[in-house]
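Under my numbering, think of the first position of the first sequence as 98, with each following residue one higher. Glycine residues also receive a C-beta, built at the ideal position from the N, C-alpha and C atoms. Working notes, beginning with the structure itself.
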Amino acid sequence: MTVPSFQPLQGMSDLASPEVHLWQEVEEAARRLLALYQVEEVRTPILEPTGLFVRSLGEGTDVVQKEMYTFEDRGGRSVSLRPEGTAGVIRYLAGLGPEAAGARLYYLGPMFRAERPQAGRRRQFHQLGVELIGPPGPAQDVEAIALQQHLLNAWGLKAARIEINSRGLPAEQAAVSEGLRKALEPHEPRLCDDCRRRLKANVLRVLDCKQEGCRAVAETLPAVTDFMGADSRAYLDEVRRLLDLLELPAVINPRLVRGLDYYQHTIWEIRHPALGAQDALAGGGRYRIEWEGAAIEGVGFAAGLERIVTAVQHDRPASAESARGKPATWIVSQGAKALEQNLVLAQLLRQRGIACGLALDGRSVKAQMRAANRSGAAFAVIRGELEMEKGLFVLKSMKDGAQEELELPALVERLLRASRAEGT
RNA sequence: GUGGAUGUAGCUCAGUUGGCAGAGCACCAGGUUGUGGCCCUGGGAGUCGCGGGUUCAAAUCCCGUCAUCCACCCCA
Numbered sequence: 098m099t100v101p102s103f104q105p106l107q108g109m110s111d112l113a114s115p116e117v118h119l120w121q122e123v124e125e126a127a128r129r130l131l132a133l134y135q136v137e138e139v140r141t142p143i144l145e146p147t148g149l150f151v152r153s154l155g156e157g158t159d160v161v162q163k164e165m166y167t168f169e170d171r172g173g174r175s176v177s178l179r180p181e182g183t184a185g186v187i188r189y190l191a192g193l194g195p196e197a198a199g200a201r202l203y204y205l206g207p208m209f210r211a212e213r214p215q216a217g218r219r220r221q222f223h224q225l226g227v228e229l230i231g232p233p234g235p236a237q238d239v240e241a242i243a244l245q246q247h248l249l250n251a252w253g254l255k256a257a258r259i260e261i262n263s264r265g266l267p268a269e270q271a272a273v274s275e276g277l278r279k280a281l282e283p284h285e286p287r288l289c290d291d292c293r294r295r296l297k298a299n300v301l302r303v304l305d306c307k308q309e310g311c312r313a314v315a316e317t318l319p320a321v322t323d324f325m326g327a328d329s330r331a332y333l334d335e336v337r338r339l340l341d342l343l344e345l346p347a348v349i350n351p352r353l354v355r356g357l358d359y360y361q362h363t364i365w366e367i368r369h370p371a372l373g374a375q376d377a378l379a380g381g382g383r384y385r386i387e388w389e390g391a392a393i394e395g396v397g398f399a400a401g402l403e404r405i406v407t408a409v410q411h412d413r414p415a416s417a418e419s420a421r422g423k424p425a426t427w428i429v430s431q432g433a434k435a436l437e438q439n440l441v442l443a444q445l446l447r448q449r450g451i452a453c454g455l456a457l458d459g460r461s462v463k464a465q466m467r468a469a470n471r472s473g474a475a476f477a478v479i480r481g482e483l484e485m486e487k488g489l490f491v492l493k494s495m496k497d498g499a500q501e502e503l504e505l506p507a508l509v510e511r512l513l514r515a516s517r518a519e520g521t
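Structure (structure tokens):
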């Protein structure tokens, strides 16, 4: 094998045809839908001051501690590739001041985390994120969940399920942790080593441990909402009522937890059975982020596009074979003179909106026909010395082999009609 | 950061106790000097991931390294 001098870095790769067509479908479906929900795109920088992420994610988080691509720029400033999308959006919103109230934004692009790659986890990965800004309220949370469900439908992900829970208020966190810790204590001998550590460090994480013993214990625990106040429980009840009103197929999972500290009230996650260990397609929740004296409140979610695409391939395998990129027409030339004239023909057809391809290397007609067949073209236009003398074009249907001689206007008309019928 | 598996032709993979580098598919050409798919014939193509070691001899054994896949921590 020819060893390339440079290959992509670990966990990063080129994304090309045919897979890239599926990505384009997924992205375009999302953009169409987001427009229906009046959510506007925002494109924030991929490279940011390191402090932006440290402040918004928290100094002690794993992402900040060991997963960021951080280096010094030429001026000696510490900069980082963005490991997630919310921080940049929050910075943007904070800059808007009062105008930020009610903002509805989405972002779509690459994120970077220096983790060990595995199924559904890359060092450069891509997220679609949505942020609906506004004060706490079940209605807005449910609107975000409705949008999330609508996206799943648009992508054709039938096997995906939204699970919902509440994280309560920051003031209730201590009571929740303490309550869980007490409930877990009698079971400590049955927990795995990691969970005994989590008991002290991050007791919520015991709830989604993958070890069978720990799961069995988790089943017996009270719901986290049992440790919250009446207001938080009522909030979740109201969310549930509105979900029913909209007939959204989300289910309450009393053991669902999410990592980031800024979440409060409604949180959710979407899992897909075909994904392996990293089975979360997307996750979101209501948040409140303190930012330079002001507080940004809203509800949002982020979807991992690599995982979405994998799930789409699983749920509808046929879509991997996209028709996009296939020319409707392939132009075959015989002789140098014809090749030159066919270059002119190709330009004319393309200006009329007809996708076409042609070989420029003067290969045999047979070879050009093989290329036409391989390209998936519906028609071949054949032109050589004979046709040029007569001022005609041979139009051949690749499907049944039938061919006829046409003048230019008729040829264009036929190809236009065919490409409209295909809806391309 | 930790653990396991795997790197041989463009792709999928064989390769026995260490003894000349292989197949299928794909590609190119011919069979049809201007016509695709099916069929037949032929052809090109690999520093066996990379570097070192053992050996008369290494794709094969040993060490290192890079990458891929999978899992852990954590997370989309």
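Local conformation of residue i per DSSP, three classes
i      : result
Ser274 : helix
Met98  : Because Met98 sits at a pLDDT of 39, beneath the cut-off of 50, its placement in the model cannot be relied upon, and the following sentence gives the value as read from the coordinates. It is coil, neither helix nor strand.
Ala417 : The predicted position of Ala417 is uncertain, since its pLDDT is 45 and thus under 50; a value taken from the coordinates is nonetheless stated next. It is helical.
Lys255 : coil
Leu508 : helix
Ala377 : strand
Arg264 : coil
Leu492 : strand
Where the beta strand (DSSP E) through residue i begins and ends
i      : result
Ile393 : Ala391 to Gly401
Ala499 : From DSSP, Ala499 is part of no beta strand (DSSP E); its letter is neither H nor E.
Among the options, nearest to residue i - alpha-carbon criterion
i      : options                           : result
Arg220 : Trp120, Val227, Met208 and Thr141 : Met208
Leu133 : Leu248, Leu489 and Leu106         : Leu248
Gly382 : Ser175, Gly234 and Gly192         : Gly234
Ala524 : Ala331, Arg352, Leu333 and Cys292 : Lying before the first or after the last residue shown, residue 524 is absent from the chain, which here runs from 98 to 521.
Glu164 : His369, Tyr203 and Glu181         : Glu181
Glu137 : Ala200, Leu513 and Leu483         : Ala200
Glu124 : Leu190, Gly108, Gly155 and Gly226 : Gly226
Ala515 : Val429, Val491, Gly185 and Gly450 : Gly450
Glu344 : Gln246, Gly155 and Ala331         : Gln246
Arg152 : Ala313, Gly432 and Asp358         : Asp358
Glu437 : Arg480, Ala315, Ser114 and Thr322 : Arg480
Lys434 : Ala400, Glu484 and Ile405         : Glu484
Ala241 : Glu387, Ala347, Ala469 and Glu502 : Ala347
Gly356 : Thr158, Glu316 and Glu486         : Thr158
Asp290 : Gln308, Arg413 and Ala400         : Gln308
Ser329 : Val303, Pro267 and Gln107         : Pro267
Gln431 : Ser461, Val409, His411 and Leu440 : Ser461
Glu502 : Lys487, Met466, Arg413 and Met495 : Lys487
Glu228 : Arg404, His411 and Arg385         : Arg385
Pro214 : Val303, Leu106, Pro232 and Ala271 : Leu106
Ile261 : Val186, Gln270, Arg295 and Leu339 : Leu339
Asp323 : Ala408, Gln270 and Ala243         : Gln270
Leu446 : Ser472, Arg511, Ala499 and Gln410 : Arg511
Between the CA atoms of residue j and residue i - distance to the nearest angstrom
i      : j      : result
Ala452 : Val478 : 12 Å
Ile143 : Phe398 : 19 Å
Ala257 : Lys493 : 45 Å
Trp365 : Thr167 : 30 Å
Gly206 : Arg128 : 13 Å
Gly310 : Lys297 : 18 Å
Gly373 : Ala518 : 41 Å
His223 : Leu402 : 5 Å
Thr147 : Arg179 : 9 Å
Val239 : Arg337 : 9 Å
Glu75  : Ala197 : In the structure as shown, the chain begins at 98 and stops at 521. Residue 75 is therefore absent and cannot be evaluated.
Lys279 : Leu202 : 41 Å
Arg312 : Asp305 : 7 Å
Ile259 : Asp341 : 13 Å
Asp111 : Val509 : 37 Å
Leu455 : Val491 : 15 Å
Gly253 : His369 : 12 Å
Arg287 : Asn299 : 18 Å
Glu116 : Glu122 : 10 Å
Ser175 : Gly380 : 29 Å
Tyr120 : Val406 : It is Trp, not Tyr, that sits at residue 120 in the sequence shown. For Trp120 and Val406, the distance between alpha carbons rounds to 7 Å.
Leu301 : Val314 : 13 Å
Pick out the complete beta strand (DSSP E) segments inside the stretch 107-175, 3 residues or longer, and give them in chain order. 144-146 and 167-169
Whole beta strand (DSSP E) runs in the stretch 165-246 with 3 or more residues, listed along the chain? 167-169, 175-178, 201-209 and 221-230
Pick out the complete alpha helix (DSSP H) segments inside the stretch 285-361, 4 residues or longer, and give them in chain order. 290-298, 309-317 and 327-342
Pick out the complete alpha helix (DSSP H) segments inside the stretch 399-485, 4 residues or longer, and give them in chain order. 402-412, 433-448 and 462-472
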